[in-house]
Amino acid sequence: MKLPLEQVEWVTKLAYVDLTDAEKAEYAEKLSAVLGYIDELQQVDTNTVDETMQITNLSNVMDGDYVRKSEIGREEFLKRAPMSERGYIKVKSVFKR
Amino acid sequence: MDIQEAEKLGIEKAVAESLKIIHDKKDLNAVLAINDEAVSGQGLADKGSGRLNVPYICKDNIVTLELPTTAGSKMLEGFVSPYEATVVTRLREAGAVMVGKSNLDEFAMGSSTENSAYGVTKNPVDESRVPGGSSGGSASAVASGMVPFALGSDTGGSIRQPASFCGVVGLMPTYGRVSRYGLIAMASSLDRIGPITTTVRDASKVLQVIAGRDEHDGTTVDIPVPAYEEFLDGDVKGLKIGVPKEYFGEGVDAGVAEAVRVAINKLKDAGAEIIEISLPYSKYALATYYILQPAEVSANLGRYDRVRYGYSHNSQSPITNNQNGAGGLIENYFATRAEGFGAEVKRRIMLGTYTLSAGFRDAYYDKAQRVRTLIKQDFDKAFEKVDVIVTPTTPTTAFKIGEKINDPLSMYKADLLTTPASLAGLPAISVPCGEADGLPVGLQIMGKQFDEPTILKVADAYEKLR
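Note that the protein sequences, when read in sequence, are chains A and B. Residues 453 to 549 in the working numbering are what the first sequence spells out, letter by letter. Residues 1240 to 1705 in the working numbering are what the second sequence spells out, letter by letter.
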């Protein structure tokens, strides 16, 4: 089941990853191989079972609702941000001018 | 050196010795960042409770304060975490000293450590071969004597398989036994942290320190941590060992299967009862895993956009060019992620995005979660009759560097025998059990949920018989 190129392009948009034309062709082929392999699951009769999302059977594990000092301060965040200005993390514009 | 030998040396000598070996064996490329400050004699002997007063190496997808955390990726080059993982805190409180961060497949994706952005790690047993992955650096470090233990992480086999390839012990605890707080997330319903050591007793010692409920990780279970070493009495009389035929068949090297059968016979001679069992749905485990894991990966890696972190402040760095380039925020995401991620990571993000997307989710993701239930049920049924299940850890011995890197599907098949326990949430340990063609073979022992005591007991007993 070979992935058509348009499908690969559509997935790159969903995944927010640019691929070169060579990469798109290569991934189309390699992903098709993997998809062919995982397609074998279609033969399995799963009508009698539910999904297993996790195996701990824990649910709604909450943290306490209390105020406490943050472990990480503003300076620590700013140190690691690529661009910052006047105490804010700077990002490129969302709206085109 | 094992933990006892390292403790006899005293922490300062052990750390100095460890750092010397790490520097001497630089060409293995097992260690990405070395903590040379660790030996500065700041009263190391006074630190911690002394329960585990030894040097260790931490896989580089576990965040630490004293050394950078790269996850083997350019995306986090030079990144120093503002917080540390719970396992690291616990080890420090027990007196352990981190001397380095080990190499891994990028974001823990791979079975050979060839996917690291910082070069492949060599297998100390045969340097033309891979150490396995993704915890290849950790396994190589322990196998070459750098440290008595290293931390690894296991999602589909990433502790057990490299341990098997390098001839050392690798323990994957039950999901929820050890906190994932500070482990860079790959597949959140499958990831686990565990120790790589030279002996089973040492694996028990490390597990003792790192296991237990953590308020920072809501998926850790509030079950008391037993005194693991007390179970290592070498007695397997009457213990029921299940041997599933599906794990010795197609795809498994004859030499590997033979070495494992010899090991099983040794356990039988020591009084264990060997029971042939069947786990029919295990044959779908690899396919199931390669739907679920990339899907979770595609969600977890969505955070890497170099807006808040993951950036080299060196403005000459080529991968930061786009920050000042044309285009807005969205274009920046596309370009940053294209540059910062390696090929395998991009492939898995693509695969996961595809299988979760509209129109495909039911056929792939939901289907896989149901097959996961069937795989788990096989184990539940088997554990009504047996105490542990024993198989080879990997279908082959360590392959040559470069052999499988161009064929992802062939690489994925290295996880054939380790993914079932991952999906079922069970604990599993790999212990060295002889050789095939001069290369180490691993014996995998799987147990019931939270039954690390029994798998450690059997592994330790086998180690004594070997």
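Even glycine gets a Cβ: it sits at the ideal position worked out from N, Cα and C. These numbers come from a predicted model, not from an experiment.
Quick one: grab the DSSP three-state call for Tyr1221(B).
As shown, chain B starts at 1240 and ends at 1705. That puts residue 1221(B) outside it, with no answer to give.
Rounded straight-line distance, which links the Cα of Leu457(A) to that of Ser1554(B)
Below a pLDDT of 50, predicted positions are generally treated as unreliable, and Ser1554(B), at 36, falls in that range; the measurement from the model is reported next regardless. Cα-Cα distance, rounded: 36 Å.
Give me the chain A residues within the contact set of Leu1568(B), using Cβ-Cβ distance strictly less than 7 Å, ordered along the chain.
Val543, Lys544, Ser545 and Val546
My output table needs one value for Phe1404(B): the three-state DSSP class, helix, strand or coil.
helix
Residues of chain A with CB under 7 Å from Gln1608(B), in chain order?
Glu503, Thr504 and Met505
Contact set for Lys1340(B): own chain, Cβ-Cβ below 6 Å, skip 5 residues either direction:
Leu1271, Ala1272, Cys1297, Asp1299 and Leu1306
Among the residues of its own chain, which have a CB less than 6 Å from the CB of Asp1456(B), if the five just before and after it don't count?
Ser1418, Arg1419 and Tyr1420
Spatial distance of Met1685(B) from Thr1693(B) (CA atoms)
9 Å
Selected residue, minimal CA-CA separation from Ser1649(B), among Gly1349(B), Gly1581(B), Ala1582(B) and Ala1498(B)
Gly1349(B)
Between which two residues does the beta strand (DSSP E) holding Leu1682(B) run?
Leu1678 to Gly1686
Cβ of Ala1378(B) within 8 Å of Cβ of Pro1401(B)?
yes
Beta-carbon spacing of Leu493(A), Tyr1523(B) below 8 Å
yes
According to DSSP, is Pro534(A) part of a helix, a strand, or is it coil?
coil
Inspect the beta-carbon positions of Leu1478(B) and Lys1361(B) and report whether they are closer than 8 Å.
no
Assuming Ser1716(B) is part of the alpha helix (DSSP H), what are its boundary residues?
The shown model of chain B, from 1240 to 1705, leaves out residue 1716(B), and the question about it has no answer.
Arg1440(B) lies in the alpha helix (DSSP H); which residues open and close that run?
Val1439 to Ile1449
Name, please, each residue of chain A whose Cβ falls closer than 8 Å to the Cβ of Phe1580(B).
Val469
Which term fits Ile1640(B), buried or exposed, when burial requires 16 or more other beta carbons within 10 angstroms of its beta carbon?
buried
Proximal residues of chain B, C-beta to C-beta of Leu457(A) below 8 Å:
Residues of chain B passing the Cβ test: none, with the nearest at roughly 13 Å.
Are the beta-carbon atoms of Thr1657(B) and Gly1395(B) separated by less than 8 Å?
yes
Taking Cβ-Cβ distances shorter than 8 Å, what residues in chain A pair up with Val1546(B)?
Ala533, Pro534, Ile541 and Val543
Between Val1408(B), Val1364(B) and Pro1634(B), which lies nearest to Pro1671(B) when the distance is taken from Cα to Cα?
Val1408(B)
So which of Pro1387(B), Met1385(B), Ala1324(B) and Pro1412(B) has the shortest CA-CA distance to Ile1398(B)?
Pro1412(B)
At 3 residues or longer, and completely inside the segment 1494 to 1539 of chain B: list those beta strand (DSSP E) runs for me, N to C.
1512 to 1516
Do Lys454(A) and Ala480(A) have their C-beta atoms closer together than 8 Å?
yes
Can you name, in chain order, every residue of its own chain whose Cβ lies under 6 Å from the Cβ of Tyr1572(B), other than the five neighbours on each side?
Asp1544
Provide the residue(s) that pair with Pro1631(B) in DSSP beta bridges, ordered along the chain.
Leu1682(B)
Pop quiz: Ala533(A) and Ile541(A) are said to be a contact at Cβ under 8 Å. What is the actual Cβ separation, rounded to whole angstroms?
4 Å
Listing by chain order, which chain A residues have their CB less than 7 Å from the CB of Lys1620(B)?
The contacting residues do not exist; Lys1620(B) stays about 13 Å from chain A at best.
Taking only beta-carbon positions, decide if Asp1474(B) is within less than 8 Å of chain A.
no
Keeping to the same chain, check which residues put their C-beta closer than 6 Å to that of Leu1678(B); ignore five residues upstream and five downstream.
Thr1636 and Ala1637
Judging by CA-CA distance, which residue of Thr1325(B), Thr1575(B) and Leu1343(B) is the nearest neighbour of Gly1376(B)?
Leu1343(B)
Please list, in chain order, all residues of the same chain as Asn1239(B) whose beta carbon is under 8 Å from its beta carbon, the five residues on each side excluded.
One cannot answer for residue 1239(B) here, as it falls past the ends of chain B, which runs 1240 to 1705.
So what does DSSP say about Lys1340(B), is it helix, strand or coil?
strand
Per DSSP, Lys1298(B) forms a beta bridge with which residues?
Ser1341(B)
With three or more beta-carbon pairs closer than 8 Å as the criterion, would you say the segment 1482 to 1495 of chain B touches the segment 1505 to 1522 of chain B?
yes
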